[in-house]
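If you read the sequence shown in my numbering, its first letter stands for residue 259, the second for the next number, and so on.
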Amino acid sequence: MIKLFQFLIFLPIQILFIPLVIIGMIPALYKEFVVPKKLGVSFTAGQALQIHWYMHYFRLRSAEASVKFMKAFPCDSHYGLLAFMGALIIANRICGFRPSFVTIPEPGKETLGTYTNCRAINFDRIMEKNTSQADQVVIMGGGYDLRVLKYTKEKNVKVFELDQEKIQNLKIETMKKAGIEHNWVTYIPVDFKEESWVEKLIKSG
Numbered sequence: 259m260i261k262l263f264q265f266l267i268f269l270p271i272q273i274l275f276i277p278l279v280i281i282g283m284i285p286a287l288y289k290e291f292v293v294p295k296k297l298g299v300s301f302t303a304g305q306a307l308q309i310h311w312y313m314h315y316f317r318l319r320s321a322e323a324s325v326k327f328m329k330a331f332p333c334d335s336h337y338g339l340l341a342f343m344g345a346l347i348i349a350n351r352i353c354g355f356r357p358s359f360v361t362i363p364e365p366g367k368e369t370l371g372t373y374t375n376c377r378a379i380n381f382d383r384i385m386e387k388n389t390s391q392a393d394q395v396v397i398m399g400g401g402y403d404l405r406v407l408k409y410t411k412e413k414n415v416k417v418f419e420l421d422q423e424k425i426q427n428l429k430i431e432t433m434k435k436a437g438i439e440h441n442w443v444t445y446i447p448v449d450f451k452e453e454s455w456v457e458k459l460i461k462s463g
């Protein structure tokens, strides 16, 4: 009964948002499918960023840095996502409406639509539990994930992040535009197919 009530609140809001959804899809699709090809970066590398974005807006996990990053990121549209998911977010704030893909189920009850949420939360727990007692943290293929900044800032730990050069350069450039501090992280560009990431890591300290 509660879910029906929540859906009845959501439905008229979604109807009102239909024009915004259509308008918002244009820049969103362009940024997601055209811009990455022009820049020579992977479209899929940005998918984790979207997950952290909507988890933040549905209050499943705090990801303020990811939201700031998204606003400056050329391969995704912050406002396009707001237009697309605005009705869901408003209904969530009014009555707690939450579609299944923005839930965190109990362990063992994950679905294809929710396992990425569970994975994000589990990685958060691992980072939170271990970074304080670690001497160094090494992130492999972090893409546009910013979690390491949150859990290592102002801690006495060396942080290294290895990834493809174009992805990493775009990430650093976007963080600078967004005003996101990252100076304690050593970014190491590497071609995982052609180079030894171990050697590059050792050379970088």
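Ideal placement from N, C-alpha and C gives every residue a C-beta, glycine not left out.
Residue i versus residue j - alpha carbon distance
i: GLY282; j: GLY437; result: 25 angstroms
i: ASN375; j: ASP382; result: 11 angstroms
i: THR369; j: ILE276; result: 28 angstroms
i: LEU428; j: CYS333; result: 10 angstroms
i: LEU407; j: ILE271; result: 36 angstroms
i: GLY338; j: PRO285; result: 7 angstroms
i: ILE460; j: THR302; result: 29 angstroms
i: PHE316; j: PHE418; result: 30 angstroms
i: PHE265; j: MET259; result: 10 angstroms
i: MET328; j: SER335; result: 7 angstroms
i: LYS296; j: LYS289; result: 10 angstroms
i: VAL239; j: VAL395; result: A query on residue 239 cannot be resolved here, the shown segment of the chain reaching from 259 to 463 and no further.
i: VAL448; j: GLY366; result: 36 angstroms
i: GLN426; j: GLY401; result: 7 angstroms
Beta bridge counterpart(s) of residue i as assigned by DSSP
i: VAL406; result: In DSSP, VAL406 forms no bridge with anything.
i: MET398; result: LEU420
i: THR444; result: PHE418
Local Cβ density within 10 Å of residue i, reported as buried at 16 or more and exposed below that
i: ASN388; result: exposed
i: ILE446; result: buried
i: ARG351; result: exposed
Proximity below 8 angstroms, CB of residue i to CB of residue j
i: VAL299; j: LYS451; result: no
i: GLY371; j: SER390; result: no
i: TRP311; j: ALA321; result: yes
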